[in-house]
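Protein sequence lines, in the order shown, are assigned to chains B and Z. For the first sequence, the numbering used here puts the final residue at 219, and the numbers step up evenly by one. For the second sequence, the numbering used here puts the final residue at 438, and the numbers step up evenly by one. Even for Gly, the Cβ is constructed at its ideal location relative to N, Cα and C.
Protein chains: 2
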Amino acid sequence: MELTYAEENYLKAILRLTVPPDYTVSTNSIAAHLGSSAASVTDMLKKLGEKELILYQRYKGASLSETGNRIATSLVRKHRLWEVFLVQSLGMTWDEVHDIAEELEHIKSDQLIERLDAFLGYPKYDPHGDPIPNAKGKYTLRSQIQLTESVPGQEAIVIGVRESDNSFLRHLSEKGVAIGKTIKIIGHDLYDQSIRLTIDNQELSLSGKVAQNILIKLI
Amino acid sequence: MELTYAEENYLKAILRLTVPPDYTVSTNSIAAHLGSSAASVTDMLKKLGEKELILYQRYKGASLSETGNRIATSLVRKHRLWEVFLVQSLGMTWDEVHDIAEELEHIKSDQLIERLDAFLGYPKYDPHGDPIPNAKGKYTLRSQIQLTESVPGQEAIVIGVRESDNSFLRHLSEKGVAIGKTIKIIGHDLYDQSIRLTIDNQELSLSGKVAQNILIKLI
DNA sequence: CAAATAATTTAGTCTTATCTAAAATTTATT
DNA sequence: AATAAATTTTAGATAAGACTAAATTATTTG
């Protein structure tokens with residue numbers, strides 16, 4: 001199927017924002033992620049739904065179909081392989097390559113990407129440490145990381161916990177931390193390993209011990 | 220200036236079709252080259268004229284401005300450098316790379332293209348033998364070739380002659396050969412070096428001696 | 001659980017790039 | 001040079017992707 005750049009970008013956005021437990025993405029979160037209006041997103045979701053690239057119900061959000069997931073994953077593969085090329089072959093730095101890879105990922109040619117993969121030596125991770133899906137779309141999920149592995153400035157979604165005893169969970173809910181919440185890392189304290197972050201525009205601090213048990217997905 | 224893909228493709232088409240003596244390109248020839256309608260071309264020429272990328276007068280055709288020429292040449296540079304990469308680094312064959320380079324040439328990053336140039340070892344010619352403009356847009360004009368150097372199937376425009384004595388020119392006009400005419404090569408005769416080609420859907424044959432003195436530009 | 005708030009969709013516009021059909025202009029021909 | 005033919009432009013539509021403002025549906029809160 002021939003997709004436009006816009007359609008491809010929406011699929012990628014939905015994949016990025018997809019998190020457990022329901023794997024459903026809201027209109028507003030897509031709009032915020034892409035920097036466009038909610039109305040534009042609705043229009044596109046209708047179109048992607050008709051093409052059966054996503055499952056979409058009015059007012060209920062969207063999730064990727066099998067086809068949509070395959071296409072979005074292949075875009076991630078292309079994006080990350082190109083990033084490796086830009087750093088490894090052309091000597092660019094990891095912070096210079098994102099925007100260029102954002103354009104390169106849309107080049108349509110399976111042969112090209114398979115040859116690029118071979119040329120680069122079948123790398124498993126991109127320069128940011130994110131895993132590169134193989135030609136079949138399989139990859140080791142490393143996009144799920146511990147909160148302690150985050151870097152200041154990053155935005156992420158809370159997707160789970162590594163411990164589930166009641167006192168821990170109660171502590172989290174008191175702080176306003178819940179699965180599905182979007183967070184933004186402010187910084188790591190060098191002395192006590194605590195992490196400052198914002199949730200719902202509220203600033204708060206979590207101890208290193210707590211942060212270690214919170215799983216997030218970068219967005 | 221931020222140009223759309225369509226605008227860039229029009230500039231490239233105009234550069235390709237530009238030939239002596241007047242360096243002016245007609246609406247219809249652009250339409251034929253791009254496979255679009257004359258009306259669409261007129262619309263775009265108006266827009267490019269307003270942006271001062273071309274000089275355009277209604278009913279009189281278009282020619283590239285200095286800026287337009289610079290941009291179009293830089294697109295040719297990108298296209299040919301990417302073709303070298305695809306063949307030299309990825310091992311593709313010269314006939315597989317054109318369409319992919321057609322997409323890659325639009326990636327916007329000066330840093331990228333300069334690094335790619337260095338990575339490839341500052342090649343002077345692409346896999347088809349066409350010269351690659353340097354970062355300043357300079358290149359050895361080899362797109363002008365003798366008719367004897369053509370290959371069956373190629374289409375070209377007659378852009379000049381290497382000899383200009385009267386009997387030669389009279390011979391040409393009798394055959395229907397004139398500057399600005401579009402020709403298509405049918406084949407080279409192995410015994411007498413004569414060349415068969417079509418002009419205005421008329422099939423004709425030119426002797427090797429004559430062909431040697433006709434300069435063409437591939438399209 | 002009803003009212004208030006938030007999220008989402010619909011309706012109506014705009015821009016870019018395309019098209020066809022009709023009108024205008026230029027070029028060729030008799 | 002007048003008319004015919006070819007070329008080019010204008011006029012009016014369409015589709016994709018975006019927007020704002022208004023309407024609708026869902027969620028939260030008192």
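With the rule of 3 Cβ pairs closer than 8 Å, the stretch 287-306 of chain Z counts as touching the stretch 226-234 of chain Z.
The C-alpha of Leu323(Z) lies about 7 Å from the C-alpha of Trp301(Z). Within the same chain, Cβ atoms closer than 6 Å to the Cβ of Ile183(B) are found at Ala156, Leu197, Ile199, the five residues on either side in sequence being excluded. For the set Ile398(Z), Gln365(Z), Gly399(Z), Gln373(Z), the Cα lying nearest the Cα of Ser426(Z) is the one of Gln365(Z). The C-beta of His98(B) has fewer than 16 other C-beta atoms within 10 Å across all chains shown, which makes the residue exposed. At a cut-off of 8 Å between C-beta atoms, Arg299(Z) does not count as an interface residue with respect to chain B.
At a cut-off of 8 Å, the C-beta of Ile132(B) has no neighbouring C-beta in chain Z. Taking the beta carbon of Met92(B) as reference, the chain Z residues within 9 Å of it are Gln330, Leu331, Arg334, listed in sequence order.
Looking at the DSSP output, Tyr56(B) shares a beta bridge with Ala62(B). Annotation: the continuous alpha helix (DSSP H) that includes Leu112(B) extends over 110-120.
Residue range 363-365 is occupied by the beta strand (DSSP E) that includes Gln365(Z). Segment contact: the stretch 234-246 of chain Z against the stretch 274-282 of chain Z, three or more CB-CB distances shorter than 8 Å; contact assigned. A direct Cα-to-Cα measurement between Tyr56(B) and Ala32(B) gives close to 18 Å. Neighbours of Ser386(Z) in chain B, taken as residues whose beta carbon is under 8 Å from its own, are absent, since the nearest beta carbon is some 52 Å off.
Its Cα nearest to that of Gly254(Z), the residue Ala225(Z) stands out among Ala225(Z), Asp349(Z), Pro239(Z). The alpha-carbon separation between Gln307(Z) and Ile216(B) amounts to approximately 42 Å.
Nearest neighbour of Tyr139(B) by Cα position, chosen from Glu149(B), Leu17(B), Tyr125(B), turns out to be Tyr125(B). DSSP places Ala135(B) outside any alpha helix (DSSP H), giving it a letter other than H or E. Annotated three-state conformation of Thr417(Z) is strand, per DSSP. Lys327(Z) belongs to the set of residues whose beta carbon lies under 8 Å from a beta carbon in chain B.
Within chain B, no residue has its CB atom less than 9 Å from the CB of Leu222(Z), the nearest being about 14 Å off. Residues of chain Z whose Cβ lies closer than 9 Å to the Cβ of Glu103(B) are, in chain order, His325, Ile326, Lys327, Ser328. Residue Leu90(B) holds the alpha-carbon nearest to the alpha-carbon of Leu331(Z) among Leu90(B), His171(B), Glu114(B).
The secondary-structure analysis by DSSP pairs Ile157(B) across a beta bridge with Thr182(B), Lys217(B).
In terms of Cβ geometry, His298(Z) and Glu321(Z) form a close pair [threshold 8 Å]. Ile405(Z) is the residue among Lys394(Z), Gly399(Z), Pro342(Z), Ile405(Z) whose C-alpha sits nearest the C-alpha of Gly372(Z). Per DSSP, reduced to three states, the secondary structure at Val19(B) is coil, with no helix or strand assignment. No Cβ of chain Z is located within less than 8 Å of the beta carbon of Ser74(B). Following the DSSP letters along the chain, one finds Ser259(Z) inside the alpha helix (DSSP H) bounded by residues 257-269. Flagged as an interface residue toward chain B: Ile319(Z), by a C-beta distance shorter than 8 Å. If you compare the alpha carbons of Met92(B), Pro123(B), Val76(B) with that of Ile107(B), the shortest gap goes to Val76(B). For Ser29(B), the enclosing alpha helix (DSSP H) stretches over residues 27-34. Proximity of Ser308(Z) to chain B, defined by a Cβ-Cβ separation below 8 Å, is satisfied. At a Cβ-Cβ threshold of 8 Å, Ser205(B) and Ile195(B) count as neighbours. Going by DSSP, Asp99(B) is part of the alpha helix (DSSP H) stretching over 98-104.
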